[in-house]
Each structure stands twice: as C-alpha cells, then as structure tokens.
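Q:
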Amino acid sequence: MLLQILIISVSLSIDALGIGISYHLKGVKITKLSRAIIAMMSVIIMYTSLKIGAFLAAVFPETVIQIIGISILVLIGLTFIRNSIFGDENQIYDFDKSKTIDFWEAFILGIALSADAFSAGIAASAIGIGGSIMPFTVGFMQIAFLSIGGILIDKSQLMKKLNRKVCGVFSGFLLILIAILRTMA
C-alpha cells in the first residue's frame with residue numbers, strides 16, 4: 004500500500020515539477036513560504052477528500068465503491084493526459100507580475116495544484132488506499148517537485164525541454180496504471 008500511496012502522491016504532484024521548471028525559466032521565484040503554503044493546501048485538500056472517501060465507503064457496498072474509485076482514477080488520468088496535450092500550459096499565477104509568488108498567489112496556486120487531489124483522494128480512500136500518511140506525502144511531493152524544477156533547470160539543458168505536457172501525460176498514465184493494478188488485486 005505504501006508504494007501505491009507514493010505513486011499517487013508523485014502522480015498528483017508531478018505537475019508541480021512542470022510549474023517549478025516553467026516559473027524558473029520565466030524568472031518567477033517561488034519562495035520557501037510560498038512552497039509551504041502550497042504544500043499545506045495540498046495536505047488539507049487531500050485529508051478532506053480521504054475522509055469523504057472513507058465516509059462513502061462506509062455508506063455504499065464495497066464493490067460499488069471500488070468500481071467508482073477505479074473509474075474516478077481512470078477519468079482523472081485521462082483528464083491529465085487530455086489537458087496536457089490540448090490545455091494551456093502557460094497559466095501564470097504571478098498576478099501582480101512581481102516575479103515572486105506571494106501569499107495569496109501561493110494560496111491560489113496551491114488550490115489549483117490540489118484540485119485533482121480532491122477527487123483522487125476520494126477515489127483512493129474508497130478503494131482502500133490512503134491513510135493518515137497520504138496527505139503528508141502529497142504535500143511533501145509538492146514542495147519537492149516545485150524545488151527540484153528550478154534546481155534541474157540550473158543544472159541541465161535537457162530539463163529545459165521537459166515541459167508540463169510531458170509531466171501531465173506521465174501523471175495520467177501513472178493514475179491509470181494504479182487503477183488497472185487495483186482491478187487485479
């Protein structure tokens with residue numbers, strides 16, 4: 004189960020790598036405080052969604068919940084892939100053009116980066132993946148990937164070619180893989 008938690012956490016947070024890379028290339032700084040706010044939003048949203056999923060699992064039959072949970076993971080994965088291929092990867096949350104993500108911009112960016120985590124958390128909890136560690140692994144991965152994005156740009160020309168589309172497609176495939184593996188369990 005820990006491996007599944009880590010895979011889901013990476014999948015839900017890998018778009019933060021794309022944000023870290025993109026913002027660094029554009030000269031927008033994401034401060035430590037801003038990264039902490041983004042992570043905190045991820046923890047809160049994931050925790051809430053896991054509780055909702057646990058409630059739904061207690062109310063509905065196990066088979067129904069597992070089908071719904073697996074379906075949600077597949078739909079989120081497909082949405083990640085579709086949005087990565089056809090979506091706008093140039094969304095900037097530096098609203099005041101200060102080249103620094105401030106408190107409120109970090110708050111909004113945290114919600115945006117965690118939006119998919121809400122439904123994925125419900126789905127994961129409903130099919131028996133989750134627990135008290137999952138919100139913290141998602142939050143940690145958000146901080147890690149936001150930070151790594153900037154570091155990698157400084158260190159590697161290859162990483163400059165990696166964009167949010169690649170990250171999104173990869174995330175989508177990871178979620179679909181988890182759903183497929185859960186059907187075999």
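Residue numbers (this note's numbering): 4 to 188. Beta carbons: idealized from backbone N, C-alpha and C, even for Gly.
(1) Answer with buried or exposed for residue 140, where buried requires no fewer than 16 other C-beta atoms within 10 angstroms of its C-beta.
(2) Output the residue ranges of the alpha helix (DSSP H) runs that lie fully inside the region 10-63 and measure 4 residues or longer, sorted by chain position.
(3) Give a yes or no on contact between the region 52-64 and the region 143-154, applying the rule of three or more CB pairs nearer than 8 Å.
(4) Roughly how many angstroms lie between the CA atoms of residue 15 and residue 187, to the nearest whole one?
(5) Please report the distance separating the alpha-carbon of residue 155 from that of residue 169.
(6) When you compare only the Cα positions, how much space is there between residue 182 and residue 76?
(7) Please state the DSSP three-state secondary structure of residue 114.
(8) Mind checking which residues open and close the alpha helix (DSSP H) that includes residue 71?
(9) Assign residue 130 to one of three DSSP states: helix, strand, or coil.
(10) So what's residue 151 in DSSP terms, helix, strand or just coil?
(11) Ordered along the chain, which non-local residues of its own chain (more than five positions away) have a Cβ less than 7 Å from that of residue 86?
(12) Which residues share a DSSP beta bridge with residue 103?
(13) Would you please state the rounded distance, in angstroms, between the beta carbons of residue 130 and residue 73? I believe it to be under 8 Å.
(14) Kindly indicate which three-state DSSP category residue 97 falls into: helix, strand or coil?
A: Result, derived from the coordinates:
(1) Counting the other CB atoms within 10 Å of its CB gives residue 140 a total of 16 or more, which places it among the buried residues.
(2) Counting whole runs of 4 or more residues, the region 10-63 contains the alpha helix (DSSP H) stretches 35-62.
(3) Note that the region 52-64 does not touch the region 143-154; fewer than 3 beta-carbon pairs, one per stretch, sit closer than 8 Å.
(4) For residue 15 and residue 187, the distance between alpha carbons rounds to 22 Å.
(5) Straight-line measurement puts the Cα of residue 169 at about 15 Å from the Cα of residue 155.
(6) Straight through space, the alpha carbons of residue 76 and residue 182 are spaced by roughly 6 Å.
(7) When DSSP states are grouped into helix, strand and coil, residue 114 belongs to the helix group.
(8) Here the alpha helix (DSSP H) through residue 71 covers 65-89.
(9) If DSSP states are grouped into helix, strand and coil, residue 130 belongs with coil.
(10) Helix at residue 151.
(11) Result list for residue 86: 171, in chain order.
(12) Residue 103 pairs with 32.
(13) Residue 130 to residue 73, Cβ: 6 Å. Contact.
(14) Correct three-state label for residue 97: coil.
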